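Note sheet for the following structure.
There are 2 protein chains.
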Amino acid sequence: MTPQRKDAARNWEHILTVARELVDEGTPLQLNDVARRAGLGVGTVYRHFPTTEALLETVATPCLEALAGHGEQALTHDDPWQAFADYLTRLVEGQVTDAALVKVAATAEDVLTRTTELKAQILATGAKLLARARDAGTVRPDVRDDDLVPLMCGISYATYVHGANPADRLPTARRYLETLLRGLHA
Amino acid sequence: MTPQRKDAARNWEHILTVARELVDEGTPLQLNDVARRAGLGVGTVYRHFPTTEALLETVATPCLEALAGHGEQALTHDDPWQAFADYLTRLVEGQVTDAALVKVAATAEDVLTRTTELKAQILATGAKLLARARDAGTVRPDVRDDDLVPLMCGISYATYVHGANPADRLPTARRYLETLLRGLHA
DNA sequence: ACACATACGGATGAGCTATCCGTTTCGCGG
DNA sequence: CCGCGAAACGGATAGCTCATCCGTATGTGT
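Chain order of the listed sequences is F and G.
Just so you know, we're using UniProt numbering here: the first sequence kicks off at 1 and counts up by one.
Just so you know, we're using UniProt numbering here: the second sequence kicks off at 1 and counts up by one.
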């Protein structure tokens, strides 16, 4: 899927690197910025990534893949409740750590099909873990599949609103999630 | 604080009305829009409300005042836990019902001092109710004052991410809050 | 009715997104 | 090594929104 010509491939990588930097700095990711910091023309950036969202989703893809991977692992755990709780913890930690992930998670319409696939997979895994925990009687029966993502987004948003420098966010997010999990537990 | 001249006062009201309409429609509140729909020049709108935030906060003020009022009432309730829970319910319901409130609540820096005052008051009431419930042993001791607003914002955000048309939001928000409250309860 | 203050309106500029097309670079076959 | 066609580059430019500024119009006290 990456371009054929060497320079194009190199630039693609470079743009992605710069974008990752900007996202990590907390900058709103403007394609002009990316172009300038990458030392490339605006046109080049736009050809590789037609919109800001496309770039953002591409930046977030590795993280989404990592989360999907963790989901696979979680399914192999013995304790249904612990597997469920661990998975949610991963999801929240990911979002709190990575600004790109938050935005991608909160968007209903994706521009990359890869993103849609990964989100679907993450959701499906969550649903399985939820079902397992519910069948084991460890999670309340009124929790629905499509509540999981919103709740995770809610927690990272709460953490964000709570303020504090990004460094201190993880403990806050864990605390909030812990509270939520107590509420979800049967 | 409203302008002196009659036409100015009339326009001020008119702008506010139009802004309220736009917010209720879910439109992102652009001052150019407001001007056009109010049949006024852009300059006029900008003179009355120097920034989008100023207008937004003014739109939200009545709701904030209502919430502050509810807080006063809640303090007179007998059951500490119920008073606390009811208050949080009010806060969430407000945010879910009113798009202006969400944005104002989530912003740390206010442009209107009135907004800051009201938010401080709402926060202070929440802190009192929390302290009372904690002293009664009905709420977990590790919940902090400055967690309340973030958590409420988190719930309304979760509700928003969950999607569904605005009409169906209230039940979802109540469900989420219920879960959270179970987690907060000692 | 006059004059001054106050307020209005829209032309204008600044910043960002996104496009388009002339120019440059790559890499393959001769 | 050279030339050529395709692929990629770069930046000028159009469209859009936010915000300002100032000449003009309107309200208000004398």
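Backbone N, C-alpha and C fix where the C-beta goes; we use that ideal spot for every residue, glycine too.
Keep in mind that this is a model prediction, so the values were computed, not measured.
| Asked | Found |
| --- | --- |
| Residues of its chain near F/THR138, where Cβ-Cβ distance is below 7 Å and the 5 sequence neighbours each way are ignored | PRO80, TRP81, HIS185, ALA186 |
| Euclidean distance between Cα positions of F/LYS128 and G/THR179 | 20 Å |
| Short CB-CB distance (under 9 Å) between G/ARG182 and chain F | yes |
| Residue-chain proximity (F/GLY26, chain G), Cβ-Cβ < 9 Å | no |
| G/PHE84 versus G/GLN121 - alpha carbon distance | 15 Å |
| Three-state class that DSSP yields for F/HIS77 in the structure shown | coil |
| Closest Cα partner of F/THR125 within the set F/PRO50, F/HIS77, F/VAL161, F/THR52 | F/HIS77 |
| Below-9 Å beta-carbon distance, G/MET1 vs any chain F residue | Note that G/MET1 scores 49 on pLDDT, short of 50, meaning its location in the model is unreliable; the coordinates nonetheless yield the value given after this. No - not a single Cβ of chain F is within 9 Å of the one on G/MET1. |
| Proximity to F/THR159 [Cα-Cα], best of F/VAL111, F/PHE49, F/GLY94 | F/GLY94 |
| Own chain, CB closer than 6 Å to G/PRO171, minus 5 neighbours either side, in chain order | none |
| Among G/THR97, G/ALA68, G/LEU31, the one whose alpha carbon lies nearest that of G/PRO50 | G/LEU31 |
| Three-state class that DSSP yields for G/VAL92 in the structure shown | helix |
| 8 Å contact criterion, which residue 252 of chain F and F/GLU57 should meet: CB distance rounded | There is simply no residue 252 of chain F to check, as chain F begins at 1 and stops at 186 in what is shown. |
| G/GLU53 beta carbon less than 9 Å from that of G/VAL111 | yes |
| Those residues which DSSP pairs with F/VAL139 across a bridge | F/HIS185 |
| Contacts that G/CYS153 makes with chain F (C-beta to C-beta distance below 7 Å) | TYR157, ALA158, VAL161 |
| Contact check, G/CYS63 vs F/VAL161, beta carbons under 9 Å | no |
| Under 8 Å from the C-beta of F/PRO171: neighbouring residues of chain G | None at all; the shortest Cβ gap to chain G is about 12 Å. |
| Partners in chain F for G/ASP86, counting only beta-carbon separations shorter than 8 Å | Within chain F, no residue comes near G/ASP86; the closest Cβ sits about 17 Å away, beyond 8 Å. |
| Cβ neighbour criterion (16 or more within 10 Å) applied to F/GLY183 | buried |
| Start and end residues, alpha helix (DSSP H) containing F/LEU40 | Element bounds for F/LEU40: n/a, residue is neither H nor E. |
| Check whether G/ALA38 and G/VAL18 have beta carbons under 9 Å apart | yes |
| Neighbour list for G/ALA100 in chain F, Cβ cutoff strictly below 8 Å | Residues of chain F passing the Cβ test: none, with the nearest at roughly 16 Å. |
| Three-way DSSP call (helix, strand, coil) for F/THR172 in this model | helix |
| Beta-carbon contacts of G/ARG114 that lie in its chain and below 7 Å, excluding the five residues immediately before and after | THR61 |
| Cβ shell of F/ALA99 (< 7 Å), same chain only, five flanking positions each side left out | VAL23, GLY26 |
| CB of F/LEU55 within 9 Å of CB of F/LEU101, strictly | no |
| C-beta atoms of F/LEU123 and F/LEU148 nearer than 9 Å | yes |
| 9 Å Cβ cutoff, G/THR17 in contact with chain F | no |
| Option in F/GLN4, F/ALA108, F/GLU117 with minimal Cα separation from G/ALA164 | F/ALA108 |
| Inter-residue spacing [alpha-carbon to alpha-carbon] between F/LEU177 and F/ASN11 | 40 Å |
| Below-9 Å beta-carbon distance, F/ARG175 vs any chain G residue | yes |
| Neighbour-count burial assignment, F/LEU75, 16 or more Cβ in a 10 Å radius | exposed |
| Exposure of F/GLY43, with buried meaning 16 or more beta-carbon neighbours within 10 Å | exposed |
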